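Going down the list, the protein sequences come from chains A and B.
Following the UniProt record's numbering, the numbering of the first sequence begins with 1 at its first residue and continues without gaps.
Following the UniProt record's numbering, the numbering of the second sequence begins with 1 at its first residue and continues without gaps.
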Amino acid sequence: MDSVTKRYPDGTVAVDRLSLEIPDRSITVLVGPSGCGKTTTLRMINRMVEPSEGTILVDGVDIQKQPVNTLRRSMGYVIQNAGLFQHRTIADNIATVPRLLGWSKQKARARAEELMERVGLDASLAKRYPYQLSGGQQQRVGVARALAADPPVLLMDEPFSAVDPVVRKGLQEELLRIQGELGKTIIFVTHDIDEAIRLGTKVAVMRTGGHLAQFAEPAELLSDPADAFVEDFLGEGRGIRRLSFFPSEGLDLLTDPVVAVDATAEQIAARGASGAPYLLVTDGDGKPLGWSEPGSLPGAAPEELLAYGRPFVAGQDSLRVALDCAVLSPTGWAVAVDGTGKVVGVVSQETIGEAIRGAHAAGRTAEATGRQDDSTGRPEDSTGRKADVAG
Amino acid sequence: MSGFFDIPSDLQASYVELIGLHLREALLPVLAGLLLALPIAQLCVRLRWLYPPVLWVTTVIYAIPSLAFFVVLIDYTGQTELTVMIPLTLYSLVVLVPAIVDAVRSVPQETLAAATAMGFGPVRRYVQVQLPIAVPAIVAGLRVATVSSISLVSVGTLIGNQGALGNLLADAMFYHRPELAVTSVVTTAVLAILVDALLVLVRVLLTPWMPRRSHTKPKAGQPDPAALALEDTAR
Ligand SMILES: Nc1ncnc2c1ncn2[C@@H]1O[C@H](COP(=O)(O)OP(=O)(O)OP(=O)(O)O)[C@@H](O)[C@H]1O
Ligand SMILES: [Mg+2]
């Protein structure tokens, strides 16, 4: 988008000289307060709103040079409340654009079934009508419908804002998974900064009057807000939230304070010698049972053990989760487990604090070099899912 | 008992023929009214300023007594069914035009935006999205228009016995046979109720996508068309 302005007939300037370079095959989030021109910006991309000035290029081609309906069918569009056709079945809703493009009935139908599976909808819903679905399911249908003709671009306007937080989180994870599989170029509008940080590869913060306040990766947004407006908009706890972008991989995990429930007195004495004030007792499978003082072992009854709180998955969860676990733990130590729930070690708040300081220092040097080669340090775990950000 | 269905010979029709005639004179105008109302309503949706004057005109037409229409029309169309059906057609517009306009306008903004975003042109959008979603409200309008049309046909009696079942009312007075009036009123009411039920059935068949309203209360303030017909006929 190059210096795009939209002035409505009544004189409202909804978007003011906005220039954005939207990266391919990633999620770009437009975020800002109500009325700042997010929807207008999005709708200029598929020409539901025509810009007053400036040009918009997709893959180097001016969108004004394409027939408008061809352009629109090459871009999926998802809106709040899904905007489903209430008079058509779920399968027919999803098959809308393929049918418009002249696909045969069978091909469109097969495609709809494939997409229902992809967005996590049961095939038995195909023949139902929208009123028979929950809000979250309708939203999934909206996403499936937008993906139906396999468009390279997906425009999403507050798609998840009408569902409850739990469903929203599920939909967000689903979107990240689908994006990981399909590699679409997604432009996502929201007024929820947590959603923006959780989903966006890059986030454009807009200010009332249609100005771009900052266009950056989420981690950078949290660490270096461009001005007071962005800082204010990001809200409380920037420091803590930024920890989501630091992996727990390098954490120094201690295995000495971990003992099996059937350990002998000598083993316990040896473990206690390491100086840890508490020992973590594990069951026969290596799963955590609880904390105990070395003196009261062996033979402490399970109900005498201190609760271990919530464990974090070493290497997969972020430092934010690790710190959260340590803070929640009555002993101040966090329990690290592997993917199967087996204890791999324990770590103290102090050690996590050191890791945070280390990550900050590394971040500063990476930033200095990163500015030149523009490498993206996007935090992803093994499943391609982004670190847990929204608290 | 046979007196109820013993139709005076001046009407030159049997009881069953009168019913057929009545249905034709009542339903054709509603059909014509629907065909007129659809484009008029579409214009009113596109050009917002047109709606208030159109509404005003249809209301004024509705206020003109049918007798006044007959006086004017009789010079052109004579003492025929057509003379009865033309005013009935115009009367139906007062119900149908607003029903269609409101129905089409009430299609959710999101649905329209979604259709546009998927590359529906304006015509395709109207035919494939707006009209189907408007069907329940259009049928509701049709029910009122049909039922009132069925009762209004009777006034055709005034122009050379063109009132179908309504003619029995005049004959009841003329021959002092009150049972004919009963036949007329009851048959008209039963026709209205049957046709209304038929329209409801059509609505249900056309809109499998509507939530079943079995557990929702009928809206207050929306009188049952069949009840209206009974009132009209009794008047
Ligand atoms: N059709 C229109 N005519 C005139 N002004 C409009 C029109 N559509 C939007 N606006 C104005 O343009 C500005 C931006 O609107 P827009 O819908 O893009 O905001 P938004 O960022 O999407 O807000 P929200 O978060 O509330 O959806 C607002 O001030 C709005 O009043
Ligand atoms: Mg908006």
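We put the beta carbon where it would ideally sit given N, CA and C, even for glycine.
Just so we're clear, the structure is a prediction, and the values are computed from it rather than from any experiment.
With a minimum length of 3 residues, the unbroken runs of beta strand (DSSP E) contained wholly in the region 279-340 of chain A fall at 279-282, 288-292 and 333-337. Within the region 26-52 of chain A, the beta strand (DSSP E) runs of at least 3 residues that lie entirely inside it are, in chain order, 27-31.
DSSP places A/Ile178 in the uninterrupted alpha helix (DSSP H) bounded by Pro165 to Leu182.
Within chain B, the residues placing a beta-carbon under 7 Å from that of A/Arg72 are Ala117, Met118 and Gly119, ordered along the chain. When secondary structure is reduced to three states using DSSP, A/Gln86 falls in the coil class, being assigned neither helix nor strand. Near ligand 2, meaning a Cβ closer than 7 Å to any of its heavy atoms, lie the following residues in chain order: A/Lys38, A/Thr39, A/Asp157, A/Glu158 and A/Val189. For A/Gly32, the closest Cβ of chain B is not nearer than 7 Å. Following the DSSP letters along the chain, one finds B/Thr111 inside the alpha helix (DSSP H) bounded by residues Gln109 to Ala117.
A/Asp2: member of the beta strand (DSSP E) spanning Asp2 to Arg7, first to last residue. Taking 6 Å as the cut-off, the C-beta of A/Asp10 counts as close to a heavy atom of ligand 1. Scanning chain B for C-beta atoms nearer than 9 Å to the C-beta of A/Tyr131 yields Trp209, Met210 and Pro211, reported in chain order. At a cut-off of 7 Å between C-beta atoms, B/Ala114 counts as an interface residue with respect to chain A.
Against chain B, the CB of A/Tyr8 has no partner CB under 7 Å away; the residue lies outside that interface.
For A/Ser52, the CB stays at least 6 Å from every heavy atom of ligand 1.
Taking a Cβ-Cβ threshold of 9 Å, the residues of chain B close to A/Val97 are Met118 and Gly119, in chain order.
Relative to ligand 1, A/His211 has its C-beta separated by 6 Å or more from all heavy atoms. A/Ile178 is the residue among A/Glu158, A/Asp157, A/Leu57 and A/Ile178 whose C-alpha sits nearest the C-alpha of A/Ser26. If you draw a straight line from the Cα of A/Ser52 to the Cα of A/Val15, it comes to about 10 Å. Using a cutoff of 6 Å, the CB of A/Ser161 does not count as near ligand 1, since none of the ligand's heavy atoms is closer than that.
One finds Thr111 and Val129 in chain B with Cβ atoms closer than 7 Å to the Cβ of A/Phe85, taken in chain order.
Nearest in C-alpha terms to A/Asp92, of all of A/Thr264, A/Ala146 and A/Asp256, is A/Ala146. Rounded to the nearest angstrom, the Cβ distance from A/Phe188 to A/Val29 is 5 Å, consistent with a contact under 8 Å. Taking 6 Å as the cut-off, one finds at least one heavy atom of ligand 1 near enough to the beta carbon of A/Ala14. If you ignore the 5 residues before and after A/Phe233, its C-beta comes within less than 7 Å of the C-beta of Ile193 and Val205, all in its own chain and listed in chain order. For A/Met75, the enclosing beta strand (DSSP E) begins and ends at Met75 to Ile79. Here the alpha carbons of B/Val135 and B/Val195 stand approximately 17 Å from one another. In this structure, the alpha-carbon of A/Ile186 lies about 24 Å from that of A/Ser223. Distance check between A/His191 and each of A/Asp157, A/Thr351, A/Gly142 and A/Val166 places A/Asp157 closest, using alpha-carbon atoms only. Annotation for A/Phe215: the continuous beta strand (DSSP E) segment containing it runs His211 to Ala216. For B/Ile133, at least one C-beta of chain A is nearer than 7 Å to its own C-beta. Of the candidates A/Pro257, A/Phe160, A/Lys6 and A/Glu117, A/Phe160 places its Cα closest to the Cα of A/Ile79.
At a cut-off of 7 Å between beta carbons, A/Asn46 contacts chain B. Contact note: A/Ile79 reaches chain B through Glu110, Ala113 and Ala114, using a C-beta cutoff of 7 Å and chain order. Contiguous alpha helix (DSSP H) elements confined to the region 89-152 of chain A occur at 90-94, 96-100, 105-118 and 135-147, taking only those with 4 or more residues.
A/Ile56 sits in coil when the DSSP states are folded into three classes, being neither helix nor strand. The beta carbons of B/Ala189 and B/Val97 sit about 27 Å from each other, so the pair does not count as a contact at 8 Å.
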